[in-house]
């Protein structure tokens, strides 16, 4: 028996919003420790990795590990049926071929349940080693979304350069070029408004703006986004999901041909 | 010209 209850169904809605641009379907791996998801986008350029810890749920029970392959379009339709203030419970029997979503209004006067068919998806898990990154940048998530949106008007690629002074985002194309420099914040009253850089060595990498824009669909999950970069390895874009977990996007760089 | 690398070039199947 698997059962996970979340008082804020809006978290689940936001998680889905954050992944459905990149993935059509995904396997939710449920175990005693929580719910994990790892999947590559169709073109195998990026990887989404999400973790929701069991202790972050209001009630969590998972007697046996269960992998639930879900069509994210169908899941979106179902979660649209939940009000933001509803309490959501996901339930499945062991070896079930369906999952049930139960939505309860805060006053318990309306209770709805939606059963969704599960899918058998090929499991392709990539092993991601623990990595010390040369540069780790934290900045307001809304600022990062704005930068990605603004620069994607110029070109298909965004160059991210990180030095100890700050971080620079650049793009160039037919209409011209654009550079956005963010300096490290000197005085930080509010952490969520700060730009911070932890740098071992400067890094400059080029990425496809289309994917960066897709990652920013997670902006509503967190005030802060963390970018981790090292020479010649994928960028990691991480958003915390409240006190319950995180979503990380890994993006392969564009390389000299 | 820069070519788009694939994520599987960096991480391998578990």
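Chains as they are written, first to last, in this note's numbering: chain C, -13 to 243; chain W, 802 to 815.
Think of the CB as a built atom: it goes at the ideal place given N, C-alpha and C, for glycine as much as any other residue.
Ignore the nearest five residues each way along the sequence and tell me which others in residue i's own chain have a CB closer than 8 Å to its CB.
i                      : result
residue 137 of chain C : 144, 155, 156, 157, 164, 166, 195
residue 3 of chain C   : 203, 204, 206
residue 116 of chain C : none
residue 12 of chain C  : 5, 23, 25, 34, 55, 56, 58, 107
residue 292 of chain C : The requested residue 292 of chain C is not part of the displayed model; chain C covers only -13 to 243.
Among residues of its own chain, excluding the 5 on either side of residue i, which ones have a beta-carbon nearer than 6 Å to its beta-carbon?
i                      : result
residue 71 of chain C  : 92
residue 26 of chain C  : 33
residue 237 of chain C : 32, 193, 197, 220, 221
residue 185 of chain C : 121, 150
residue 88 of chain C  : 75, 99
residue 245 of chain C : This structure leaves residue 245 of chain C out entirely; chain C is present only between -13 and 243.
residue 212 of chain C : 124, 224
For my contact list, residue i and residue j are in at a C-beta cut-off of 8 Å; report their separation, rounded to the angstrom.
i                      : j                      : result
residue 199 of chain C : residue 127 of chain C : No, residue 199 of chain C and residue 127 of chain C are not in contact; Cβ-Cβ is about 13 Å, not under 8 Å.
residue 197 of chain C : residue 31 of chain C  : 6 Å
residue 162 of chain C : residue 130 of chain C : The pair is not a contact, with the Cβ atoms about 22 Å apart (cut-off 8 Å).
residue 174 of chain C : residue 148 of chain C : That belief does not hold up - the Cβ atoms of residue 174 of chain C and residue 148 of chain C are roughly 18 Å apart, past 8 Å.
residue 41 of chain C  : residue -8 of chain C  : In fact, because the Cβ distance is near 12 Å, the residues do not count as touching under 8 Å.
residue 804 of chain W : residue 241 of chain C : 6 Å
residue 18 of chain C  : residue 48 of chain C  : 5 Å
residue 227 of chain C : residue -3 of chain C  : 7 Å
residue 245 of chain C : residue 6 of chain C   : Beyond the ends of chain C as shown, which are -13 and 243, falls residue 245 of chain C; an answer cannot be given.
residue -10 of chain C : residue 76 of chain C  : 5 Å
residue 38 of chain C  : residue 231 of chain C : 4 Å
Would you mind telling me which residues of chain W sit closer than 7 Å to residue i, beta carbon to beta carbon, in chain order?
i                      : result
residue 143 of chain C : 803
Can you confirm whether residue i, when its beta carbon is compared against all beta carbons of chain W, has any partner nearer than 8 Å?
i                      : result
residue 190 of chain C : no
residue 194 of chain C : yes
Ordered along the chain, which non-local residues of its own chain (more than five positions away) have a Cβ less than 7 Å from that of residue i?
i                      : result
residue 191 of chain C : 146, 215, 221, 239
residue 111 of chain C : 24
residue 52 of chain C  : -12, 16, 78, 80
residue 119 of chain C : 214, 215, 216
residue 183 of chain C : 121, 123, 148, 150, 152, 153, 170
residue 106 of chain C : 55
residue 101 of chain C : 84, 86
When the cut-off is 8 Å and only beta carbons count, does residue i lie next to chain A?
i                      : result
residue 105 of chain C : Here the protein chains are C and W, and chain A is not one of them.
Could you list the residues in the stretch 106 to 135 of chain C with a C-beta less than 7 Å from some C-beta on chain W, going in chain order?
110, 111, 112, 113, 114
Listed in chain order, which residues of the stretch 217 to 243 of chain C have Cβ atoms closer than 8 Å to some Cβ of chain W?
219, 220, 236, 237, 238, 239, 240, 241, 242, 243
Interfacial residues, the stretch 25 to 50 of chain C to chain W, with Cβ spacing under 7 Å
26, 30, 31, 32, 33
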